[in-house]
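All letters in the sequence shown, in the order written, are residues 8 to 73 by my numbering. Even glycine gets a Cβ: it sits at the ideal position worked out from N, Cα and C. Computed from a predicted model, the values in this text were never measured in an experiment. Data first, discussion second: the structure below is written as structure tokens.
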Amino acid sequence: MPAPTGDVECTYCGSDLARYDPVFVEETVDGERVPAGGFCNYACLSAHIDESELTFGDACEWSPDG
8 MPAPTGDVEC TYCGSDLARY DPVFVEETVD GERVPAGGFC NYACLSAHID
58 ESELTFGDAC EWSPDG
């Protein structure tokens with residue numbers, strides 16, 4: 008992902024990412040990697056994950072028995 012220039016804001020808190028060493032994340036949509044957000048730091052990323060409940064219902068292991 009390109010480095011932020013001026014008007015790029017943190018997905019979580021809205022701070023100007025040009026002032027930080029930001030963390031950028033991507034997701035896969037129809038087999039293509041697309042930007043999913045930019046964050047000031049890992050704290051903002053973690054807070055975004057928690058508040059958006061992005062890990063709810065996910066599991067590291069799966070079993071057909073449930």
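Query                                                                                                                                              : Result
Since residue 50 is in the beta strand (DSSP E), which residue starts that stretch and which ends it?                                              : It is not in any beta strand (DSSP E) - residue 50 instead sits in the alpha helix (DSSP H) that spans 49-58.
Using a Cβ distance threshold of 8 Å, determine whether the region 33-42 contacts the region 12-25, with at least three qualifying pairs required. : no
On the DSSP bridge assignment, give the partners of residue 44 in chain order.                                                                     : 32
Using DSSP bridges, identify the partner residues of residue 23.                                                                                   : 16
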